[in-house]
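Numbering (my numbering), first residue to last: -18 to 468.
For reference, the structure discussed in these notes is given below.
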Amino acid sequence: MTPHQHRDDQRPADPALGELRSGLRLGSAPSDDDIAREEARLRDLDARPPLRRFLGYMALGGPGYLQSAMTLGGGTAASALFAGAVFGYRLLWLAPVAMLLGVVMLAAVSWQTLSTGERPYLAMRTHASKGLALAWALGALFASIIWHFPQYSLASASLADLVDLAAGRADEATEPWPLAFPLLVVSVLTSLAYAHSRRALRLYERLLRVTVWLIVLCFASVVVLERARIDFAAVLRGFFSFEIPGTHVARDGSRIEGWELVLSGLSAAVGVNMVFLYPYSLLARGWGRAHRRLAIHDLLFGMLLPYVLATSLMIIATATTLHENAFEVGKSLAPLDAAKALEGIAGRSFARVALDLGFIGMALSSITLHMVCSGFACSELFGWRLGSKRHLLATLLPTPGVFGPLLWKDMGVYLAVPANVICMLFLPAAYIGFTILQAKKRYLGGDRPTGMLARLWLGAMVVISVVLLVLCCTYIARHFPSWWARL
């Protein structure tokens, strides 16, 4: 009996659930022997001392890094740049809190997916709500397309800055937009190979691990260079103050609301497209019940830790170099300005290269995963076979984002904040849907968590979903009053 058959045999016999159990693979599925060997290794690790078990889990992780690579993109860069440049160290608490909330929800997603082996979109349609499932999938598709534009803008601007630096030019001379097309070719080839080859899947996940930690090191190098100017007491206060700043008005008349920046940070930490792709990445690895503990570890050390480190280092760098120098943030803060290493350290070649490489790594990883998510979302929405021509075409839906350097250059990074929030409007649907699934015995059966910790877990999911829904409704009421009146 294979591991997959064993899991299915514990579920109620219901022919209608046959399609749900089929899973959705990223590339070729792992063999039953591979899964059995991995589960045996996990049982062996569970009997080892904590350090040995920790190192073993680190070697087996992967989906968590996938989420880190996806979220460490243009949206994260924009939120962190604005948070540090406008409000200094006061919003350092936002990244850890936002990602912890995301871990609570994604831990439930992993528990549900690994306990049942069911495809989450169809599971939500069957056991929760067709409307919630549709909003979740459409939101994932919409977010993957809209956030493609600033990724190319950020990556090409950083690449142009490296060209100027190599040529010894002090001023901006290289046009960024032509450099977006080589990035497009690399991203398309990577995303298509990722969806068809198990070897490519494993190789890409290893590359993502390296990329995520290189991003952290790039921004850490900038902070180390500026350490003499850092107010470490203010940094410590920033992590524990939980302050929501008021309105900032720049010299050009631009208004930046502190609470909107907080909402933007929540959206940048865990996007709706991340929530969509994550459970399918678990299915792709052939993970099941035996991997539930590993999945939590992977979320903590593959997603939460790198994200918190990268965003905190970005905020500290921008707070030190821009906010402390009273830099006025408004329409003048365009992607190219960000890629130029934030003015105060642009003259230092090493720091400038480090930031440029960090931005390029953030953008490229997000570009590829947006394409992968787009293909999966359409496959689930329309029932297309994975690897079919329609699935491949859907993977290419976000590619008009290659024109981002032409469009976003004039719009400026400051529009990333409302764009973040708009993409976030779909997230409550996903959270509410998974909260319903977490409480449904018909769906989870004997795998439904019980006891005091389970009640606290479910209560936290309810609170997170309600708070997020209230924040989104508040944003709509303030900025789109005609829409709100119709609702």
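Glycine residues also receive a C-beta, built at the ideal position from the N, C-alpha and C atoms.
In the three-state DSSP reduction, Thr349 falls in the helix class (H, G or I).
Counting only unbroken stretches of 4 or more residues, the alpha helix (DSSP H) elements lying wholly within the segment 153 to 227 are 161 to 175, 179 to 206, 213 to 221, in sequence order. The residues Ala320, Asp337, Phe340, Ile341, in chain order, have a CB closer than 7 Å to that of Ser139 in the same chain once the five nearest residues on each side in sequence are set aside.
Measuring C-alpha to C-alpha distances from Tyr288 to each of Gly37, Gly54, Arg18, Ser222 identifies Gly54 as the nearest.
The C-alpha of Val443 lies about 21 Å from the C-alpha of Ala76. A straight line joining the alpha-carbon of Phe220 with that of Val67 spans about 16 Å.
Note: Glu238 is bridge-paired with Thr228 in the DSSP secondary-structure output. Comparing C-alpha distances from Leu418 to each of Ala89, Leu247, Val353 shows the shortest one belongs to Ala89. Within the segment 266 to 307, there are no complete beta strand (DSSP E) runs of at least 3 residues. Annotation note: the segment 84 to 137 contains the following uninterrupted alpha helix (DSSP H) runs of length 4 or greater, listed N- to C-terminal: 101 to 108, 111 to 127. The alpha-carbon separation between Phe162 and Lys421 amounts to approximately 47 Å. The DSSP-derived three-state label of Pro462 is helix. Out of Val167, Arg429, Ala118, the CA that lies nearest to the CA of Trp92 is found in Arg429. 7 Å or more divides the Cβ of Gly83 from the Cβ of Val197.
With 16 or more other Cβ atoms inside 10 Å of its own Cβ, Thr416 counts as buried. Burial of Val353 is indicated by the presence of at least 16 other C-beta atoms within 10 angstroms of its C-beta. Here Phe130 is buried: its Cβ has 16 or more other Cβ atoms, across all protein chains shown, within 10 Å.
Between the C-alpha atoms of Gly227 and Arg423 there is a straight-line separation of about 46 Å. Taking the C-beta atoms as reference points, Ile348 is found no nearer than 7 Å to Gln48. Taken through DSSP and simplified to helix, strand or coil, Lys421 comes out as coil.
DSSP places Gly65 in the helix class (H, G or I) of the three-state scheme.
Asp15 is classed as exposed because its beta carbon has fewer than 16 other beta carbons within 10 Å across all chains shown.
In this structure Leu450 is in contact with Pro409, their Cβ atoms being roughly 4 Å apart against a cut-off of 8 Å. Per DSSP, the continuous alpha helix (DSSP H) segment holding Gly45 begins and ends at 44 to 52. Gly37: member of the alpha helix (DSSP H) spanning 31 to 41, first to last residue. The C-alpha of Thr376 lies about 9 Å from the C-alpha of Ala358. Leu87 and Ala214 have their C-alpha atoms roughly 33 Å apart. Apart from sequence neighbours up to five positions away, the residues of its chain that approach Arg270 with a beta-carbon distance below 8 Å are Arg(-12), Leu95, Ser96, Asp428, ordered along the chain. Contact check for Ser125 against Ser355 passes: the beta carbons are separated by less than 7 Å.
Burial check for Phe63: the Cβ neighbour count within 10 Å reaches 16 or more, so the residue is buried. DSSP places Tyr70 in the coil class of the three-state scheme, outside both helix and strand. A distance of 7 Å or more separates the beta carbons of Arg106 and Ala118. When the five nearest sequence neighbours on each side are left out, the beta carbons in the same chain lying within less than 7 Å of the beta carbon of Val193 are those of Tyr46, Ser49, Ala50, Leu53, Pro287, in order along the chain. If you compare the alpha carbons of Arg436, Pro157, Ala441, Phe200 with that of Tyr412, the shortest gap goes to Ala441. Restricting attention to Leu122, Tyr70, Val144, Thr299, the CA atom closest to the CA of Leu378 is found in Leu122.
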